[in-house]
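Numbering (the working numbering), first residue to last: 5 to 142.
Here a beta-carbon is modelled for each residue, glycine too, at the ideal position from N, C-alpha and C.
In this text, all values refer to a predicted model and were calculated from it rather than measured experimentally.
Have a look at the structure below before the remarks.
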């Protein structure tokens, strides 16, 4: 384990076997980001997030799944982001490109206060459909 200090933050690097390492960045003594690497590429196996970012209160802001330096996840979104504890964005990737194999479901969804406002359909990095929603306040 090694400690790397910066002006307003520090990082802890932990080495594991088989070329795996984890770097955790802390700001104001709270975790800010955790990233996993294998053979110096952002990578994590077993359907676990390779990068997780946190807000100043320690709540999750994003979770990202990476394989061999490309955002990728099988049958689930590879990027989830949250705002105030609610899902803000859900994005599906395959080999680093926006992609979802099911034509009935979007590869990208944007939420506002937990309500869907935009959906986009992508295949192999090419967008072919978009749907926007209007939020009606009652």
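In or out: residue i buried (at least 16 other Cβ within 10 Å) or exposed?
i	result
residue 36	buried
residue 97	buried
residue 75	buried
residue 21	exposed
residue 95	buried
residue 2	With the chain covering 5 to 142 only, the question about residue 2 has no answer from this structure.
residue 7	exposed
residue 19	exposed
residue 83	buried
residue 17	exposed
residue 78	exposed
Assuming the contact rule is C-beta atoms closer than 8 Å, residue i and residue j should be a hit. Round their C-beta distance to whole Å, please.
i	j	result
residue 54	residue 66	That pair is no contact at about 11 Å.
residue 118	residue 138	So it is not a contact: roughly 16 Å between Cβ atoms.
residue 72	residue 103	The pair is not a contact, with the Cβ atoms about 16 Å apart (cut-off 8 Å).
In the DSSP assignment, what are the bridge partners of residue i?
i	result
residue 122	114 and 136
residue 67	56 and 84
residue 127	130
residue 74	71
With respect to 7 Å, is the separation between the Cβ of residue i and the closest non-hydrogen atom of the ligand ADP below this value?
i	result
residue 41	Among the components of this structure there are no ligands whatsoever, and the ligand ADP is therefore not found.
**OP:** Would you mind listing the alpha helix (DSSP H) stretches within the stretch 6-56 that are 4+ residues and don't spill past its ends, in chain order?
**Re:** none
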